[in-house]
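In full-length UniProt numbering, the protein residues as written are 1 to 203.
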Amino acid sequence: MMVARVKEHSRINRSEPSICPSNKNKEDTFARSASAQTISVCDHLEEGPQMSVYWRTLHMLATDPIYQKEVALGKRIGFYRLGKELGAGNFSKVKLGIHVLTKEKVAVKIMDRTKMDAKAQRLLDREIKSMEHMNHPNIIRLFECVETLTRTHLVVEYAGGGELYAFVHERGKLTDADAKPLFAQIVAAVSHMVRIFSNFRRF
């Protein structure tokens with residue numbers, strides 16, 4: 001997840017965030033942000049003009065059968081409608097996501113925990129913990145983690161420019177004018193990670 005990417009300037013405005021605990025069966029637990037998939041809606045809550053857009057949308061997501069069908073088909077998770085596939089790996093795939101309120105684009109990394117052994121799940125938890133501490137303009141940002149019974153969804157910043165490797169491979173040899181700012185961004189990102197990890201030895 002720390003792969004260098006060519007990022008477009010895009011930020012999601014988080015409204016009324018909530019926190020949910022991580023898997024309680026794990027020894028190491030940490031706070032993970034919640035989405036509509038994990039936020040409970042009171043039974044007595046009824047839609048009305050006094051409800052904010054956030055709660056009106058949350059109510060719709062919790063009660064709308066069309067939404068439930070989209071979740072079952074893997075077309076939506078929480079506040080995000082899932083689109084085209086951006087990439088795939090051994091245990092995961094990455095899809096483009098659109099936030100239903102802000103319409104911002106994100107990348108959603110979907111991991112099937114049923115295919116992971118104990119070591120892979122430990123590495124996943126370490127990856128999430130590491131990303132939670134990263135807050136740097138040259139590092140892909142983790143917005144939230146949404147967990148279901150069998151899958152973990154990492155909602156991260158969308159880098160519309162693609163991977164840096166592909167960018168260099170496409171252009172061939174870069175000029176000094178092109179290479180210097182890219183190199184400076186990589187050094188700044190690595191420096192930030194070293195500083196963070198030196199403060200959090202548990203990683």
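Backbone N, C-alpha and C fix where the C-beta goes; we use that ideal spot for every residue, glycine too.
Have a look at Ile139 and His99 and give me their C-alpha separation to the nearest angstrom.
Each residue's alpha carbon lies about 21 Å from the other.
Sort out for me which residues DSSP pairs Ser92 with in a bridge.
For Ser92, which the question treats as bridged, DSSP gives the partners Met111.
Where does Lys69 fall in DSSP's three states?
Three-state result, Lys69: helix.
Segment limits, beta strand (DSSP E) that includes Thr152
Taken as a continuous stretch (DSSP letters only), the beta strand (DSSP E) holding Thr152 covers Arg151 to Glu157.
Check whether the Cβ atoms of Ile110 and His153 sit closer than 8 Å, and answer yes or no.
Cβ atoms of Ile110 and His153: closer than 8 Å.
Which same chain residues, not among the five before or five after Glu157, have their C-beta less than 6 Å away from its C-beta?
So the qualifying residues of the chain are Ile140 and Arg141.
When the Cα atoms are used, what is the spatial distance from His136 to Ile196?
Rounded to the nearest angstrom, the two C-alpha atoms are 11 Å apart.
Check each candidate in Leu82, Tyr54 and Leu96 and name the one with the smallest Cα separation from Gly162.
The shortest Cα separation from Gly162 among Leu82, Tyr54 and Leu96 belongs to Leu96.
Using three-state DSSP, classify Val146 as helix, strand or coil.
Strand, per DSSP.
According to DSSP, residues forming a beta bridge with His99:
His99 is bridged to Tyr80.
Can you tell me the Cα-Cα spacing of Tyr67 and Leu123, whole angstroms?
So the alpha carbons of these two residues sit roughly 32 Å apart.
Count the other CB atoms, across all protein chains shown, that sit within 10 Å of the CB of Arg32; report buried if there are 16 or more and exposed otherwise.
Summary for Arg32: the model assigns pLDDT 46, below 50, so the residue's position carries little reliability, and this model does not support an answer.
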